[in-house]
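Asks:
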Amino acid sequence: MSSRRLRVLVLCVALLVLVAGGGFWVAARPGTNSPVVDAPTEVAAPTTPTTEVDKSLAPNDPLPPVAPAERVAPAVNAAIAATGTTEVLVVFDAEISGTDDEKRAQVQAGIDSITESLPEGSWSVAGETPTDPTANLFIDARALEVLQERPGIRRVQSALHEFYPAEVSSTEELSSELGVSANLATMGASTPVTGAWASGFKGAGKTIAVLDTGVQTDHPFLMNGTVQKTVGEACFASAFGYSTTCPGGVSMSVSEPSKVGAGAPCPVDIVIGTQKECIHGTHVAGIAVGGNGTGNSGIAPEASLISVQVFSYKYATNRITSTTGDIDDALQWLYNRRADFPGLTAVNLSLGDGLLYTGFCNASEASTYSKVQQLLDVGIVTVVAAGNESRINGVSAPACLQNVVTVSALTDGSGADLRAGYSNIGPQVKVFAPGTLTSSIPCDGIVALRGTSMATPAVSGAIAILRQGTVGATVALLEDAGGPVAGFAQPSVKLNTAIAGLPGPTGPVSGVASGSQVAVSWSAASPGSGTLSSYTVTAAPGGQTCTTSGLTCTVAGLDPAKSYVFTVVPTGSSGVGPGRSSSPIPMPDVPAAPTEYVPLNPVRLLDTRSISARATTIDGNDLGCGAVGQGLGSVRTLVVVGRGGVPSTGVDAVALNVTVVDPTSANYLKVYPEGSAPPNAANINFVAGQTIPNMVIAKVGVGGKIAIFNNSLSTQVVVDVVGWFPANPLSYEGINPERMLDTRTGGLTIDGSQSGTGPLIRQQTYLLPVTDRGSVPATGVGAVVLNLAVVNPTVGNFVSVFPGNSSFGGTASINFSAGQTISNMVITKVAPDGTIGIYNNAGNTQITVDVVGWFPTTSGFQSFAPQRFVDTRVPGPPSFGSATIDGQYQAIGPIPPGGSIDVVMTGRLNGNVPATGVGAVALNVTVVGSTAKNFLKLSPKGGAQTTVANLNFVAGDTISNMAIVKVGVGGKITIYNNAGWTPVVVDVVGYFPG
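Using UniProt numbering, the first residue of the sequence shown is number 1, and each one after it goes up by one.
Structure follows, in C-alpha cells:
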C-alpha cells in the first residue's frame, strides 16, 4: 500500500506495555467485553501444553485451500453492507520466483487476471505492486461476490474492523537499583547476557528493524559516541481520520530509500491515563540495541537500528493506531530495501490487536503472513509480542502467525523463571524473555517499563548476537539452549548457553604497514566446542580482506596516508567467533598518483622584474632575470614541474595565471610546450604600459618546461601556478595551441576552415566546430579549453561562449572597450555535434579562437553553460547588475578597499556544482568600473591568502579573467580586493572533483 491509499478501516495495534512496579492493569476496550474475532475456532488450551511447541518458522502448507464461504473475512461483508465499498487485501495463488522485478511482473499479471474478472466500476487499485501474491483493492459488493467464488483466492481481508491500543499505567523513573541485574541478568537468571558481552558478542555487523511508534534516534542511549546507531528510517502511517508524522504528511512509497527523520516518534503528549503512548518505540529500540554493553544496556549494543514509524495519532481521542496495511507496507519496504541494510537480521513487532487466537492464524492473517515469509526466505526473522491480556490459551495477532518468533514475558523476580501474570501464552509462543527492562524514552529519558513489548526486543537482540556468531543460526538454537519456565514447555532464552560452543575472540591484534599493505598478526582464539579452521581479517575503512589458517595475514590494496583498523574474526566447526580489532594503524604517507586535476594554492614560478620591485618566486629561481625580449631573447623557458606543489613526474599540463607588466609596445605572448615551434596562436594581448593577466593551461614540454614567446620589443612577465593535470588520457589532453577561428581577412587556422569569415555583428551567435579538427578528436570530447581574443571591436562590448546546443545565458566570457585587443581563457562544454556558440553583444567584433586542450567525456571535470554566482553591482547607472542563479551574492555593493567576500560555490540552489565531492571550480571573474588601480586575489576559504593576483586592472576598467580556484572550508572561496571600491561578477563554467 502507498500514500495514495485512503484508508477506510483502521486496525489499532496494541502497545503491549506495562510499567515496572506492583501489579498491572489493562482497561476494557469499549464494546469489547466479548470480542468477536476473525480467527480460527477457539479451543481451550491447558496451562501446560500436552504437545511440544512447533519450532518451525516455515510450515510446509502455511495457507491451505479454503472453501468459498471461508475466503472472505466477516468484517468485509459487514463493511460493504454498511457503506457499499471497502478496502481489502486479496491473497491469491501464484507461482512467484526470480528477481524482485520478475516477481512484481508475475504478481501484476495475477492482479490483472483477477481484476479482469471483476465487473467494470466495481473495483480500483489502492496500492503498489508487491513482490508477493497480494492485491490491495477498493471493492464493492459486485466485486466481492466474484472474489468469493473465484478459484485461487486464498483470503479477502478487511481493513475496516477497528481495534484499540491497550491502555497502560504510568512509567517509573530509573532508580539506583535498576541496573544490569534488573535489566539483563534474567536473560535468564542463571546465565546473564553480560557473559555474551564478555566473550565479545554484542551484535556487531547486524541490524534490527523496529516497527513501532518511532524512535528518538539521537537519544544518548542510541548513540555510538557522536554517531547514531540508526542506519535507516521510514514511515508508513496512514490510518483514516488520523494524523501522521510521515514526511510531507503522507506515507512513503515501499520502493523509495530511507529518509532521515521519517522514523521519528509520534507526539509524546498523546496520553492514555498516565501513559505517554509515543515513548514506546524509543524504549523498544533501546532494549534491542541501546547502550554500550556495560551497566544498563540493550541486548545487542553494537548492532544497528532501523526505525520504521507505523503509528498514526489523534489528539481528539488521545489515541494512536496502526493498520494491517501500514504494517504490511513496512514489511514490504524492508524487503525491497534489504540491499541497503546488508546486516538486517531481525524485525521487531512489539504490537498486537489484543484479540484471542487459540491456533495459528496463517489463513486469516494471510497478507501479513506472506510479507513475513518473504523476509524469512532471505534470512530475516520477524519477532512478535504475544500480548498482555493474561490469556493462557492463545495470543494476539500477528503473534499468532506460524512463521514468526512469538515471545511471552517472564516476571522480574529472582530465582526460577516464571511467566509474568499479564503475559499471554499459547501454542504459538516460541520463547520467554524478561518483561521488565530499563531503556530509553524520548527527550533523553531513561525509565523502566514492563510487558511483552519489552521481552520481544530482548529476543530480537539475542537473535542479532546469535547471527553474529553463526550466520545461519536459527531460532531453534535459542530454544534448544533455553531454560525451563515453571509450568510451560516453552523455554526462556539463555543466550550464554546458546553461544557457549562458539569460538572466542583472538588475542590482541597488531599490524606493520609497508607500502600499500599491512601485515596483521594476533594470538590464537579459543576454539569453543569445535576446532578452529580459519581467521578472516577485514580493514576499515575500505573493507579489504584476507583469510588464513595461521596467525598472520597481509591485507593489500590500502591507500597511503590513511589509518586503518583491522578486525580479526575466527571461524571454527562450531560457528563464528566475535571479532577483535587493532588500534588504528597509519599507512605510509605516499600519495597515490592522482587521476584528475589537482588544484594548488597559487604560488609564483616566474617574475622577471628586479628584486628591488619586490619581486619574488616560490623558490628564488626565475627571479629578476629581465624582461622577455631583452638580453635573453624573445623566448624564455620556465621549469614548471618539481616546484610549487607540482610533482616532478607524471604531469601533462599546468594551469597558470600569466601577467604582463609594463610592456614597451602593443604586443602579444605565446605560451606553449618547450621543444615545440611557436604556434599560430596567442595567449595574451596587450598595449604599451598595460598590466594585464590571462589564465593559461599549458602542456608541459621537454625537461618539464614551458616556453614563453614575446612577439616584439620587451615586457616583464609574471607566472603563477594554480594547479596541474596528471598524464592521464581519461582526464585531460593538453596540446600545442591550435587556431580554430580567425574572422579577419587573411587569418590562418589549423585546417584552413573558419578563417576570413568577417567580424561578428550585433547580437550574432557564431557556431564554431571544434571537434575533428587539428588535435581534437571527432568523438569523446566533453569540453575544450580555449584562448578567446577580440581584435579592434567597434564599441565597448562583451562576448559570451557556451555549448553550441545552448544559447546566450546572460553571462560574459570577455569584456572589452572600443579598439581594444584583449584575450581571455575560456573552458566550455561542447555540444553533441561538436560545436560551441560565440555570442557578440554589440558592434562589430573580430575574433580569434585557439584551442589549447580538451577534456574527454571520461574526465571528472564537469562542464556546463556559464552560471552567474556573484554580481555585486547595485541596479542603476552607470552599471546595471544582473540576477544570480539563486539570488545570493546579488546587488550587495562593491567590495571595499582591503575587503573580501566569502562565496559559497558548492550546493547552490539552481546551480550545477554539487554540495560535496568538489575540489576546485572553473570560473570567469570580472571587475566592472573599480574606483582605483587595483587587483583581485581568489583563494580557498580558510587557507592563507595567496600572494599572487588573479586579475589586475585600472580605475574604470571592465575586464575579466578565467580562474581555477580550489574550494575551501564550507565549499567557499574568498575574493580579496586590494584597493578602491570594486564591483565584481563571477560566472562558473565547471568544477573538478576532489
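We put the CB at the ideal spot given by N, CA and C, even for glycine.
#1: Suppose the cutoff is 6 angstroms on Cβ atoms and the five residues either side in sequence are ignored; what does the same chain contact list for V988 look like?
#2: So for G394, helix, strand or coil by DSSP?
#3: With 16 as the cutoff for other CB atoms within 10 Å, does S113 come out buried or exposed?
#4: For P993 and A363, I'd like the C-alpha separation in whole angstroms.
#5: In its own chain, which residues sit with a C-beta less than 7 angstroms from the C-beta of V565, not counting the 5 before and 5 after it?
#6: Return the Cβ separation of residue 1003 and L951 in integer angstroms, given the expectation that the two are a contact with Cβ distance under 8 angstroms.
#7: Expressed to the nearest angstrom, what Euclidean distance is found between the alpha-carbon atoms of N601 and V785?
#8: With the cut-off set at 9 angstroms, would you say R604 and T947 are in Cβ contact?
#9: Can you check whether the CB of V66 is closer than 9 angstroms to the CB of N136?
#10: Less than 7 angstroms between C-beta atoms, sequence neighbours within five positions excluded: which residues of the same chain meet that for N815?
#11: Please report whether the beta-carbon of K937 lies at a distance below 9 angstroms from any beta-carbon of chain D.
#12: CB-CB under 7 angstroms to V795, same chain, minus the five flanking residues each way: which ones, in chain order?
#13: Consult DSSP for C443 and reduce its assignment to one of helix, strand or coil.
#14: Using the C-alpha atoms, what's the distance from R744 back to P759?
#15: So, using beta-carbon positions, are V555 and S439 closer together than 9 angstroms?
#16: Excluding the five sequence neighbours on either side, which residues of its own chain have a C-beta within less than 7 angstroms of the C-beta of D742, listed in chain order?
#17: Between the segment 232-240 and the segment 250-263, are three or more C-beta pairs nearer than 8 angstroms?
#18: Mind listing, in chain order, the continuous alpha helix (DSSP H) runs of no fewer than 4 residues lying wholly within the segment 480-526?
#19: Among residues of its own chain, excluding the 5 on either side of R104, which ones have a beta-carbon nearer than 8 angstroms to its beta-carbon?
#20: Three-state secondary structure (DSSP) at P737?
#21: In or out: D326 buried (at least 16 other Cβ within 10 Å) or exposed?
#22: DSSP three-state call for P832: helix, strand or coil?
#23: Given a cut-off of 9 angstroms, decide if K202 and A346 are closer than it, judged by their beta-carbon atoms.
#24: Which residues share a DSSP beta bridge with I901?
#25: Among residues of its own chain, excluding the 5 on either side of T906, which ones have a beta-carbon nearer than 6 angstroms to its beta-carbon?
#26: Restricting to Cα atoms, I'd like to know which of G501, V537, G703 is closest to P527.
#27: Between the segment 852-866 and the segment 709-723, can you find at least three pairs of beta-carbon atoms closer than 8 angstroms?
#28: Within a Cβ cutoff of 8 angstroms, which residues of the same chain sit near E120, ignoring the five residues on either side of it in sequence?
#29: Judging by CA-CA distance, which residue of T226, A627, E277, A783 is the nearest neighbour of L449?
#30: If you draw a straight line from the C-alpha of K933 to the C-alpha of A979, how long is it?
#31: Got a sec? Which residues, its chain only, sit under 7 angstroms from G572 by beta carbon, not counting five neighbours each side?
#32: With respect to the beta strand (DSSP E) encompassing M962, which residues constitute its N-terminal and C-terminal limits?
#33: Can you look up N356 in the DSSP assignment and give me helix, strand or coil?
#34: Does the beta-carbon of V904 have 16 or more other beta-carbons within 10 angstroms, so that it is buried, or is it exposed?
#35: What's the C-alpha gap between A385 and Y889?
#36: Where does M695 sit, in a helix, a strand or coil, going by DSSP?
Replies: In short:
#1: Q867, F869, V921, L923
#2: strand
#3: exposed
#4: 56 angstroms
#5: A540, S581, S582, P584
#6: Only positions 1 to 994 of the chain appear in this structure, which leaves residue 1003 out of reach.
#7: 21 angstroms
#8: yes
#9: no
#10: F798, T926, T958, I959, S960
#11: The chain inventory of the structure shown lacks chain D, comprising one protein chain alone.
#12: A818, A842, G843
#13: coil
#14: 7 angstroms
#15: no
#16: L748, T749, S755, T848
#17: yes
#18: 495-499
#19: T129, P130, T131
#20: strand
#21: buried
#22: coil
#23: no
#24: I975
#25: V913, A915, V918, G971
#26: G501
#27: no
#28: none
#29: E277
#30: 7 angstroms
#31: P503, P527, G528, G530, T531, L532, S533
#32: 958-966
#33: The sequence shown places Leu at residue 356, rather than the Asn named in the question. Coil at L356, not helix or strand.
#34: buried
#35: 57 angstroms
#36: strand
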